[in-house]
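First residue of the sequence shown: 423, per my numbering; consecutive thereafter.
Even for Gly, the Cβ is constructed at its ideal location relative to N, Cα and C.
Quick caveat: nothing in here was measured; it's all calculated off a predicted structure.
Let me begin by presenting the structure, written as structure tokens, before commenting on it.
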Amino acid sequence: MFIDTHCHLNFDQFKMDLDDELSKAHSVGVKKFLVPSVCSVVWEDLISWQLAYESKGISIALGVHPWWASEEQCQQLNYLEELLSYKSAIALGEIGLDGLKDNYEIQCDLFEKQLGIAKNLNLPVTVHSVKAHSDVVSHLKKVKGVTGVIHGFSGSYEQAQLFVDLGFKIGVGGTITFDRAKKTKDAISRLDVNSLVLETDAPAMPLQHHRTQRNSPIYIPEVFNALLSIRDESEDYLKKMLLENSFEVFPGLA
Ligand SMILES: [Zn+2]
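Now the structure itself:
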């Protein structure tokens, strides 16, 4: 079995054929999915949607994505904590920092506060870190004791290892299917096998051979094969470790 530890299956791109896509995913061995939210507007819908799809292996994370960071979203954090304490979600996310966006200051504020909530509730986090690895590391060091996944990681071995040293796992996605992603592939090939989990970030981050298509959890086996090709472990052992790692970092998936 494979787990897609980060996919946005509640997005409109899947509205027409989600049931079909889930059946296809199940048939290629992808049986569990962690679906994060992007802002407060979708939290309640996501909770009821998850209940309808629970039997198909869907779990959710609640949080505010850095692209949606705003004063208004900061005011929703008490409500976020309340919703999370009902145990409807198994993680906090997607949270983090994106250095390519101009709302960076409010992103930092929101990230710090959400890490605080994760710590209070003892929940793992799924983190978006784009052009911001060193700031993300500083925030994680400040809050101490929160773990989770740096999702869709791209960067150097040294950067990845800083996250691993803080107890984080590294989300391996479609990036490693690209010939040009030399630095990220080098990083992923050298990390301890205990620190890796699979994801797609569907419908975003398509694989090299599906560049023009919507990304989907059905491509997880292709991400796995790309990973296998740059690792020394046997196929069975790598599969087993990826599964164990996913359950370790997100116990609610088990
Ligand atoms: Zn995402």
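Secondary structure note for residue 575: it is in no alpha helix (DSSP H), with a DSSP letter that is neither H nor E. Counting C-beta pairs with one atom in each stretch, the stretch 450 to 459 and the stretch 635 to 642 have three or more that are closer than 8 Å, which means they touch. Of all alpha-carbon atoms in 471, 531, 625, 458, the one lying nearest the alpha-carbon of residue 497 is that of 531. Three or more Cβ pairs closer than 8 Å define a contact, and the stretch 597 to 617 falls short of that threshold against the stretch 555 to 563. Under the 10 Å beta carbon count, residue 606 is surrounded by 16 or more other beta carbons and is classified as buried.
For residue 538, the uninterrupted alpha helix (DSSP H) segment begins and ends at 526 to 543. Contact holds between the stretch 533 to 547 and the stretch 498 to 517, because three or more Cβ pairs, one in each stretch, are under 8 Å apart.
Each residue's CA atom was taken as its position, placing residue 523 and residue 670 some 32 Å apart.
The C-beta separation of residue 459 from residue 485 comes to about 6 Å, placing the pair in contact by the 8 Å criterion. Judged by the Cβ position, residue 574 qualifies as a neighbour of ligand 1 at the 8 Å threshold, a heavy atom of the ligand being closer than this.
Rounded to the nearest angstrom, the Cβ distance from residue 502 to residue 539 is 6 Å, consistent with a contact under 8 Å. In this structure, residue 620 lies away from residue 579, with their beta-carbon atoms at least 9 Å apart. Contact between residue 550 and residue 488 holds, with the beta-carbon distance rounding to 6 Å and staying under 8 Å.
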